[in-house]
Amino acid sequence: MRNISSVLGRLAKSVSVGLVLFFAVTMAHAQDVKEGETLFKSKCTTCHSVTRNMVGPALAGMSERHSEEWLISWIHNSQAMIASGDEAAVQLFNDWNKLVMTSFTDLSDDQIKSIIAYVDAEEAKAAAGPAEGAAGGAAGAQSSDANTLMILGLLAIVVLAVIVIVVLNRVIRTLEKVIAGNQAAIEAAQAENEEYKEDRFGKFARAFVRNKKLVGFAVLMLVAFLGVWGWNTMWNVGVHTGYQPVQPIKFSHQIHAGVNQIECQYCHGGAFKSKNASIPSANVCMNCHNTVTAADHYDGETSPEIAKIYKALDYDPATREYGNNPKPIEWVRIHNLPDFAYFNHSQHVSVAGVECQTCHGPIETMEEVYQYSPLTMKWCVDCHKTTEVNTNNEYYDQLIEAHEKLKKGEKMTAAMIGGLECGKCHY
Amino acid sequence: MDSNKKYWKGLEELQQTPAFMESNKGEFAEPIPVEDVLNEAGLSTRTPRRDFLKALGFGLGAVTLAACNRTPVHKAVPYVIKPEEVTPGIPNYYASSFNGQSVLVRTREGRPISLAANPNSIGLNQGTDATTAAVVLDLYDMSKLQNPQLDGKDVDWSTLDATVIDALNKAAAAGKQIAIVSNTVNSPSALAAIAAFVAKYPTAAHVQVDAVSYSGIIEANRTSFGKAVIPSYHLANANVVVSVAADFLGSWLAGEEHTQDYIQNRDYKSLKNGKMSRHIQFESGLSMTGSNADVRIAIKPSEEGAVLVSLYNAITGQSIAGGVSNKKAQTAIALAAKELTNNRGNAVVVAGSNDVNIQLLTNAINSALGAYGAIIDLDNYSKQYQGSDAAFQQFISAAAAGQIGAALFLNSNPVYDYFKAEDVTNALAKIDFTLSFADRADETASTLKAIAPASSFLESWGDASSKEGYFTIIQPTINPVFNTRQAEQSLLVWAGDNTNIYDFVRKNWEENILAGTGKSWNDVLQTGFIYKGSSVGSSYTANVDVNAVVTAIGAASKAVVGDFELKLYESTVMRDGRYANNAFLQELPDPVSKVTWDNYAALNPRDAEKLGLGENGKVTVEANGYTVELPVVWQPGQALGTVSIAVGYGRTKVGKAGNNVGQNAYPFARLVNGTVQFEAKATVAKAGGTYELAQTQTHHTIEGRNIVRETTFAKYLKDPNSESGRFADSHKTYDLWNKFESPGHKWVMAIDLNACTGCGSCIVACSVENNVPVVGRDEVRRRREMHWLRIDRYYTLEQEDGSKLTKEKEIAKATDYDYENVTVVHQPMLCQHCDHAPCETVCPVLATVHSSEGLNHMAYNRCFGTRYCANNCPYKVRRFNWFNYWNDSRFDNYLNSEFTQLVLNPDVTTRSRGVMEKCSMCIQRIQGGKLQAKMENRKLRDGDVKMACQEACSANAIIFGDVNDPESEVSKALRNERVYYVLEEINVQPNIGYMTKVRNTFEA
């Protein structure tokens, strides 16, 4: 039964897809490129790029190299073509280390044609690329012009400054001559002025010292200020909230966890099963960055940050081969607990069901990670005092029973079942 | 309740010597000189104030400067490509084997950190010996060679291979012999590799020789059964065991396996069924086995044969001349013979001697007792010791005659452990090419032309077959750390076979071992072993010409008779000396004498007095033309006129920790009738000077309080509660403190004093698990050993008629006592996790507090070292860190480098100087077990959490668990009538219950 229904379902699907395609094709040819783009991005990008060789060859110029029928038949089932002894197919297969291309039997001929149309369009864009490059060259020339302008401007400012200094010197000299003429009068005026000044300050100081209340108040304020300042400073010795070191790779959690919504567990699997959350090894990065090179943001080049992963793995993206000289990436550790404090991620994440963000803050918005929580013992204890135990776990059955007997109705926090005891974290 | 006996740890305690009284007056061995500082003299000296100000100023400045440091930047370096099976923070376990025992190796982030028995294996599947528990440290030993060597210079493997192959070809072309000299090799793949080597070089021969030889048994069995093997002993089937100088629970053959079997008839489960075996021991030095015997008779080494003759006469009703004349022994033999014959088929006699004739007589006795089959198994025989003293003799004479072209030494160090080292060196000089596979330039290897350092078993592929039909796998748990290559691979390369050792081992298993079993290679990697033998051995009858044997024994023992008779023995701790560079083993106190870091001459206190020896005296021992000066231990239980010395010490080229520890005693051995024997006629004389041994016996003394309870089996049968002296049975208690609630778990322990043999492997396992530092000989002398768990050994005196000296007055009267008859109790002592802990109430900073799970927590980072807690602990189980042992260059025999520090358990903090520590009840394991249960959404099951000490105990003497679970093993054990709590009367409410020692003595 299941077979028949699935066959019927597939039939219905293909009929409906066919109908839609039929309408689409008859409606407008311009749709082709757009549809081709969607299809290309969902089906082909894992192995192909238009302009670059990846797992498979660069697709630019494929419609010149092969006929449309050939391409359709190749994409549908390349192995059958190779088996049938098609010369071009065999040649291609051998050229690419006998890598088997996935057969896309579910793609209709028209869909494949759309993809070809898209590739051609992209190819044309890429061909326009060098022209853009030339434009870029012009811009480069402009910027060098800008540089000379800036230098000239600076020189002008220097000259101007010299002139101003010379003029001012002249003025000073003239004024000195005038002063020399009126020396005596000025001296008398000065003496009077100083006496007056000292008098005013002295008066104020004497009044202040005489007012014992005021002195007492001031001293008190000073002590209070120093005390508060000292207290805060002392408390924060060794607390590194906001610590945001420069990392060897400008990895953005905002892009990965925020925009792309990648589960934390995908990279930090250890947090769910071990004491260490663990930084992913470079081979985990390669699951995506094998193909995701962010080239569209870097003029078709691999992003320099992603290239650092390749370098760590001694991976050559051109030949797609791994060398023998991998070097681990040395990240700077942000969250540092002292050796005598034992912390286990899995207890908190898997057992208690604490969100990563509770301790690590809005990690999905962080362009660069910083330490969000103080990681002090007070901070741990405060949370243990208020957090209710996730009792949805058979392990706690006995404890819940005992707890019911002891304190009826109150919620059971981590603290109540020994979550504040020294030996929970220090051994 | 008053004790019915007087227990004492050392003679100084028994006799209350002034030095002992002085050292036990204060809580700490070395008081802090507070008085000196505070009294007038201290203050009126010339410059205390200025010194104080200087120190203060400097200290303040230093602290300020130190505080100016920026917080260090820590790096976090992930794997480049993470192996699939590794999750940082979670241990991986690999089935492997060590010394033929199937073990599980625990690794963290790719580095092995501990070994434990494989619980699913057959034979020894609970507990390990101390060596197995400690051996992981040897992997991280910096004294090992890092490259192959030629003439003492580092070379690469290709150079070495070329040289070796050239030398081998030369030897083969000249028609000279090529010898592979090894200790016992029972590994099938190693034997296959040797066979491949022999096939390539037909003049090659394999010579096996063991440092401590058992060829006497092999030869005896060849004569009496036509089977040149060492049998397996199934002591679980024995109701009566009589041992004549065999330390069968310790170093004799498979000590731990014997322990596991032997205890099955003596532990709390067996007693519950009203069953207990009887063990009678005849020996000269007090061995660990002797200390566990129900009845122990001190005899001289020359009397071993005579005892067996008398025993044979008594059992078979014959009257062959040559029996023992010692009166005490005669009485005991009569009783023992009665026991043995009453239990025919369930009784066995074992003899430790390496004399073929003595073993032949033992075979005749066992045959008469019907022990062959159920107890002594000749079908599934042991393959652990196959060395032949005669074969090694032939090798030496052939080498001396220049007939040997090349010699390769595999796990063999005859320059150190052969009794005539100069014979070996002279013979080696005549061999054209010599090579050793030793992992370090040891005594033999350093005199040879080349060293091809073999990888540790933790870095190798291999296997073992310690018993016929029983095969265990060795799989690597780490890549070779240094540029080493396992010996099997080297032999293959030199034989022109370039098969990778993994393929070689696998092929050998698939073709020869797994064929027909239906198991695959992957199954074995998972289970670690395969057993193809039968479950029970068949019955055999010994064919012995008893009269001839007895005549020979009589003649041989005459050669040993003298003023002093010397008995060499293998200590349970250091064994044959192979692992002498292991600091954990060096610091493990001997089970009986409690001496660490040395060997010594054990003398009966009366003999020591006669020689005029004072405290820390030394003697010169001479035998077989070899003389050595040794410190003396006044050993109660030592037979009069005998001296015992342990072999395995006095190594000179083993590494930082083990070099020049003690004296080499191997040269005392003799070759008699083709076997190496450990008994000799000796002269003992007082030597000048004194030497203080690092002996822990009277450290942490309990001041005569009644903490050991002991009864006899007869009394136990009448009243299981007998002598347990439980305070709560007869007294009402009043509490100052509130009752401590433990609503979830309550972790407790039960320790069966009847099962504990005192071997000490728990101590080593505890040290490995909890990063307990090794402090070295000098610090042990200052009573600063750090062991969280110690085994207290108590003596009681026994009178001639078998009754025990009780009242102190009587002991005072018994000045003419000869100290030959003592009985011993071993009591493991560790933190009792008292519910009303005295240590907790005196801590001024609340560094030690109680948990809701009944544990006494210790927060190291809170402790600032007042030591009040240690002062107030009635059990004396708290230890103070006088130094940063793990990174202080003064303690460089322990974790002397970053490399060695890789052995540390990453789940446990290393304690810094000035901090108290003590048993945490392996809290990291408890937390780990609980977390595992939570992750799997289930309740914690009994047995999920095992203590390190419990895991290492092959006697199952330590039972741990949750007493809130009435069905747990520990709850059941603690409901036993024998359970008592140490110092229960002071109402500290300890959480560790002890079970009375039961001794199955002869009824009066």
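Residue numbers (this note's numbering), protein chains in the order written: chain A, 1 to 427; chain B, 428 to 1431. Beta carbons are placed, not taken as given, at the ideal position from N, Cα and C, and that holds for glycine. From a predicted model like this one, the values you see are computed outputs, not experimental measurements.
When you compare only the Cα positions, how much space is there between ASN211/A and ALA224/A? Along the first sequence, read from residue 1 onward, the residue named residue 211/A stands at position 211. Along the first sequence, read from residue 1 onward, the residue named residue 224/A stands at position 224. CA-CA distance, ASN211/A to ALA224/A, rounds to 20 Å.
Nearest chain A C-beta to LEU487/B closer than 8 Å, yes or no? Within the second sequence, numbered from 1, the residue matching residue 487/B stands at position 60. Put simply, the CB of LEU487/B is far from chain A, with every gap to its CB atoms at 8 Å or more.
Counting only Cβ pairs nearer than 7 Å, list the residues of chain B close to LEU71/A. By one-based count along the first sequence, residue 71/A stands at place 71. Listed by position along chain B, the residues whose Cβ is nearer than 7 Å to that of LEU71/A form an empty set, because the closest Cβ is around 37 Å away.
Quick one: is GLY1171/B near chain A, going by C-beta distance under 8 Å? One-based indexing of the second sequence puts residue 1171/B at position 744. By this cut-off, GLY1171/B is an interface position.
Do you know offhand how far GLY677/B's Cα is from GLU766/B's? Reading the second sequence from its first residue, position 250 is the one you call residue 677/B. Reading the second sequence from its first residue, position 339 is the one you call residue 766/B. Whole-angstrom Cα-Cα distance: 24 Å.
Three-way DSSP call (helix, strand, coil) for GLU1168/B in this model: Counting from 1 along the second sequence, the entry for residue 1168/B is found at position 741. In the structure shown, GLU1168/B falls within a coil segment according to DSSP collapsed to helix, strand and coil.
With a threshold of 8 Å between beta carbons, is SER1278/B in contact with chain A? As a working note, residue 1278/B is residue 851 in the second sequence. Closer than 8 Å: yes.
Verify the CB distance criterion: does ILE517/B have a CB-CB separation below 8 Å to chain A? Taking the second sequence and counting its residues from 1, one reaches residue 517/B at position 90. The Cβ of ILE517/B sits closer than 8 Å to at least one Cβ of chain A.
Residues of chain A with CB closer than 8 Å to the CB of MET1362/B, please, in chain order. In the second sequence, counting from the first residue as 1, residue 1362/B sits at position 935. Scanning chain A for C-beta atoms nearer than 8 Å to the C-beta of MET1362/B yields LYS273, SER346, SER350, VAL351, reported in chain order.
Any alpha helix (DSSP H) of 4 or more consecutive residues that is wholly inside the region 1319 to 1373 of chain B: For the region 1319 to 1373 of chain B, whole alpha helix (DSSP H) runs of length 4 or above, ordered along the chain, are 1350 to 1362.
Within 10 Å of its beta-carbon, does SER143/A have 16 or more other beta-carbons around it, so buried, or fewer, so exposed? As a working mapping, residue 143/A is identified with position 143 in the first sequence. Only weak support is given to the placement of SER143/A: the predicted model assigns it a pLDDT of 45, under 50, and the value that follows is read from those uncertain coordinates. Burial call: exposed.
What in chain A is Cβ-close to ILE508/B, meaning under 8 Å? Numbered from 1 along the second sequence, position 81 holds the residue referred to as residue 508/B. Within chain A, the residues near ILE508/B are SER281, ALA282, ASN283, LEU313, PRO326.
Would you identify the three-state DSSP class for GLN111/A, choosing helix, strand or coil? As a first step, residue 111/A is located in the first sequence; it is residue number 111 there, counting from the start. In the structure shown, GLN111/A sits in a helix (DSSP, three-state: H, G or I).
CB of ILE549/B within 8 Å of CB of TYR958/B, strictly: Numbered from 1 along the second sequence, position 122 holds the residue referred to as residue 549/B. Numbered from 1 along the second sequence, position 531 holds the residue referred to as residue 958/B. Their beta carbons are under 8 Å apart, which means ILE549/B touches TYR958/B by this criterion.
Residue-level contact to chain A via CB, ALA503/B, 8 Å cutoff: For the purposes of this step, residue 503/B is taken as the residue at position 76 of the second sequence. Yes, contact with chain A.
I'd like the list of long-range same chain contacts for MET715/B, defined as Cβ closer than 7 Å, with 5 residues on each side in sequence excluded. For this step, residue 715/B is matched to residue 288 along the second sequence. Apart from sequence neighbours up to five positions away, the residues of its chain that approach MET715/B with a beta-carbon distance below 7 Å are ASP674, LEU676, GLY677, THR999, PRO1018, VAL1019, THR1184, GLY1185, CYS1186, ordered along the chain.
According to DSSP, ASP581/B sits in a beta bridge with which residue or residues? For the purposes of this step, residue 581/B is identified with residue 154 of the second sequence, where counting begins at 1. BP columns for ASP581/B point to GLN576/B.
Under 9 Å Cβ-Cβ, which residues of chain A neighbour GLN1351/B? Walking along the second sequence from the start, residue 1351/B turns up at place 924. What GLN1351/B touches in chain A: TYR342, TYR427.
Contact between the region 499 to 516 of chain B and the region 250 to 267 of chain A is defined here as three or more beta-carbon pairs at a separation below 8 Å; is this criterion met? Inter-segment contact for the region 499 to 516 of chain B and the region 250 to 267 of chain A is absent: fewer than three beta-carbon pairs are separated by less than 8 Å.
Closest Cβ-Cβ distance between SER1432/B and chain A: below 8 Å? The question about residue 1432/B has no answer here: the residues shown for chain B are numbered 428 through 1431.
Could you check whether the region 769 to 782 of chain B touches the region 1097 to 1110 of chain B, counting it as contact only if at least three pairs of C-beta atoms, one from each stretch, sit closer than 8 Å? Verdict: yes, contact present.
How about VAL920/B and ILE747/B: do their beta carbons lie closer than 8 Å? Within the second sequence, numbered from 1, the residue matching residue 920/B stands at position 493. Within the second sequence, numbered from 1, the residue matching residue 747/B stands at position 320. No, the pair does not count as a contact, with Cβ atoms beyond the cut-off.
Compare the C-beta of TYR372/A against all C-beta atoms of chain B and say whether one is closer than 8 Å. Taking the first sequence and counting its residues from 1, one reaches residue 372/A at position 372. Judged by the 8 Å Cβ criterion, TYR372/A is not in contact with chain B.
Amino acids of chain B, ordered along the chain, whose beta-carbon sits closer than 9 Å to that of SER252/A: Taking the first residue of the first sequence as 1, we reach residue 252/A at position 252. Going along chain B, no residue has its Cβ under 9 Å from SER252/A, so there is no contact; the nearest lies around 18 Å.
Endpoints, beta strand (DSSP E) assigned at SER529/B: One-based indexing of the second sequence puts residue 529/B at position 102. Start and end: 528 to 535.
What in chain A is Cβ-close to ARG1365/B, meaning under 7 Å? To locate residue 1365/B, count along the second sequence from 1; it is residue 938. Neighbours of ARG1365/B across chain A, judged by C-beta separation under 7 Å: GLU394, TYR395.
With a CB to CB cut of under 6 Å and the five nearest residues on each side skipped, what residues in its chain are close to VAL1111/B? To locate residue 1111/B, count along the second sequence from 1; it is residue 684. Cβ neighbours of VAL1111/B beyond the five flanking positions: PHE991, VAL1046, VAL1048, VAL1070.
Between which two residues does the alpha helix (DSSP H) containing HIS76/A stretch? Taking the first residue of the first sequence as position 1, residue 76/A is located at position 76. Unbroken alpha helix (DSSP H) run through HIS76/A: 68 to 76.
Contact list for the region 231 to 249 of chain A against chain B, Cβ threshold 9 Å: So the close ones are VAL237, GLY238, HIS240, TYR243, PRO245.
For GLU330/A, tell me which candidate among ILE249/A, GLN371/A, LEU160/A has the shortest Cα-Cα distance. Position 330 of the first sequence holds residue 330/A. Per the C-alpha coordinates, the member of ILE249/A, GLN371/A, LEU160/A positioned closest to GLU330/A is ILE249/A.
Start and end residues, beta strand (DSSP E) containing ILE1386/B: For the purposes of this step, residue 1386/B is identified with residue 959 of the second sequence, where counting begins at 1. It spans 1385 to 1389 - the beta strand (DSSP E) in which ILE1386/B sits, taken as one unbroken run.
Along chain A, which residues have their Cβ under 7 Å away from the Cβ of HIS1284/B? In the second sequence, the residue the question calls residue 1284/B occupies position 857. The answer, in chain order, is GLU421, CYS422, GLY423.
Spell out whether any CB of chain A is found under 8 Å from the CB atom of GLY484/B. If you number the second sequence from 1, residue 484/B lands on position 57. Taking Cβ atoms only, chain A never reaches closer than 8 Å to GLY484/B, which makes this a no.
Does HIS345/A come out as helix, strand or coil in the three-state DSSP assignment? On the first sequence, residue 345/A is found 345 positions in, with the first residue counted as 1. The answer is helix: DSSP assigns HIS345/A an H, G or I state.
List the residues of chain A whose Cβ lies closer than 9 Å to the Cβ of TYR1312/B, in chain order. Translated into positions along the second sequence, residue 1312/B becomes position 885. Near TYR1312/B there are no residues of chain A at all, since even the closest Cβ is about 16 Å away, more than 9 Å.
Whole angstroms are fine: how far does the CA of ARG497/B sit from the CA of LYS34/A? Mapped onto the first sequence, residue 34/A falls at position 34. Mapped onto the second sequence, residue 497/B falls at position 70. Counting only the Cα atoms, ARG497/B lies some 57 Å from LYS34/A.
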